[in-house]
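Everything on this sheet refers to the single structure shown next.
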Amino acid sequence: MPAPHPARPGEREDKRSLLQRLVEFIKPGPDSTDELIETLAEAQDKALIDAESRVMLEGVLRLSDQTAGDVMVAAPRMDLLDIDAPYDTLLGQVITTAHSRFPVYQGERENVIGILLAKDLLKLQRSPTLNVRTLLRPPVFIPESKGLNDLLREFRATRNHLAIVVDEFGRTAGLVTIEDVLEEIVGEIEDEFDIDTDEGDIFALADHTWRVAGGTPLAQFNASFGVQLGVDPDSDLEVEFDTLGGLIAHELGHVPSRGERFRMGTLDFVVLHTKGGAVRWFKVARAPQDAG
Numbered sequence: 144m145p146a147p148h149p150a151r152p153g154e155r156e157d158k159r160s161l162l163q164r165l166v167e168f169i170k171p172g173p174d175s176t177d178e179l180i181e182t183l184a185e186a187q188d189k190a191l192i193d194a195e196s197r198v199m200l201e202g203v204l205r206l207s208d209q210t211a212g213d214v215m216v217a218a219p220r221m222d223l224l225d226i227d228a229p230y231d232t233l234l235g236q237v238i239t240t241a242h243s244r245f246p247v248y249q250g251e252r253e254n255v256i257g258i259l260l261a262k263d264l265l266k267l268q269r270s271p272t273l274n275v276r277t278l279l280r281p282p283v284f285i286p287e288s289k290g291l292n293d294l295l296r297e298f299r300a301t302r303n304h305l306a307i308v309v310d311e312f313g314r315t316a317g318l319v320t321i322e323d324v325l326e327e328i329v330g331e332i333e334d335e336f337d338i339d340t341d342e343g344d345i346f347a348l349a350d351h352t353w354r355v356a357g358g359t360p361l362a363q364f365n366a367s368f369g370v371q372l373g374v375d376p377d378s379d380l381e382v383e384f385d386t387l388g389g390l391i392a393h394e395l396g397h398v399p400s401r402g403e404r405f406r407m408g409t410l411d412f413v414v415l416h417t418k419g420g421a422v423r424w425f426k427v428a429r430a431p432q433d434a435g
């Protein structure tokens, strides 16, 4: 029985896969990665692939040329836990930094002895007799030169999400997570706090502090907190800087690093996350009033 509504020749569905269409388009093949990336741009122009597919394909191509050392969080900016710290101190660090996994050291920061999952730390609340050491998972050490292709394959095979990067002398150089690798392919992966809102990316936290994006418009930040940061009374402009992060970098004379603390006016700031030479997230609290 013939189809009730046969497609006209010009309307037939193109069942070729994306790869097949790309192969047909790029023949004869390019001679280098750069040429292939240029070809992907042409493919997008000809509507063979969309913009998101192009970005991901370019990320996959560039991944083969990158190493763990290229994307790692450098050792001085690593958030680590001291195995000998009291439980309340450990819990405070976990809440403040909001990571799900932490390298744990004993004695010196160089001496990483394991990885602690934040959720495992909660077990101590119900079983105070447990030792933090019993909750640690074995750390994975990799050289700076390890290719991201191989690292991603290893992460998938072992189900690890974090590795400690060591330099040629065996010293801790930094750490790299599976998120760092995937972001090289798909772009930045936003967490549950990374939401564009009309409120300027300001989120109230349970401990009566706020998580604030570095890109928050300064005028919005001032209005939300009832402050006048960056306002020059001798200027006709309402504020001198567009964003909170821009003002803070100017006032400090440098882009603050993760964990750095400082006070501006009546507010205390802690840097929670940096990326690409800019602060992504601050933790903001009202500064305690001085006793009169």
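This note's numbering puts the first residue of the sequence shown at 144, with every later residue one more than the last. All C-beta atoms, glycine included, are put in the ideal place defined by N, C-alpha and C.
- In the DSSP secondary-structure assignment, Thr320 is bridged to Leu305.
- By the Cβ criterion, the segment 209-217 is in contact with the segment 311-330, since at least three pairs of Cβ atoms, one from each stretch, lie closer than 8 Å.
- The beta carbon of Ser288 sits closer than 8 Å to those of Thr210, Ala211, Gly212, all from its chain and outside the five residues before and after it, given in chain order.
- In the three-state DSSP reduction, Val214 falls in the helix class (H, G or I).
- Within the same chain, and ignoring the five residues on either side of Thr409 in sequence, the residues whose Cβ sits closer than 8 Å to its Cβ are Val370, Arg429, Ala430.
- In this chain, the beta strand (DSSP E) harbouring Leu260 covers 255-260.
- DSSP places Arg299 within a helical segment (H, G or I) once states are collapsed to three.
- DSSP places Lys266 within a helical segment (H, G or I) once states are collapsed to three.
- Arg296 and Lys262 have their alpha carbons spaced roughly 25 Å apart.
- Per DSSP, the continuous beta strand (DSSP E) segment holding Phe405 begins and ends at 404-407.
- Nearest neighbour of Ile345 by Cα position, chosen from Asn365, Leu200, Pro286, turns out to be Asn365.
- The three-state secondary structure of Arg401, taken from DSSP, is coil.
- Judged by beta-carbon spacing, Ile307 lies beyond the 8 Å limit of Leu294, meaning their Cβ atoms are not closer than that value.
- Leaving aside the five residues that flank Pro219 on each side, the residues in its chain whose CB is nearer than 8 Å to its CB run, in chain order, Ser400.
- For Thr417, DSSP records a beta bridge to Val422.
- In the three-state DSSP reduction, Pro219 falls in the helix class (H, G or I).
- According to the DSSP secondary-structure assignment, Arg429 is paired through a beta bridge with Leu410.
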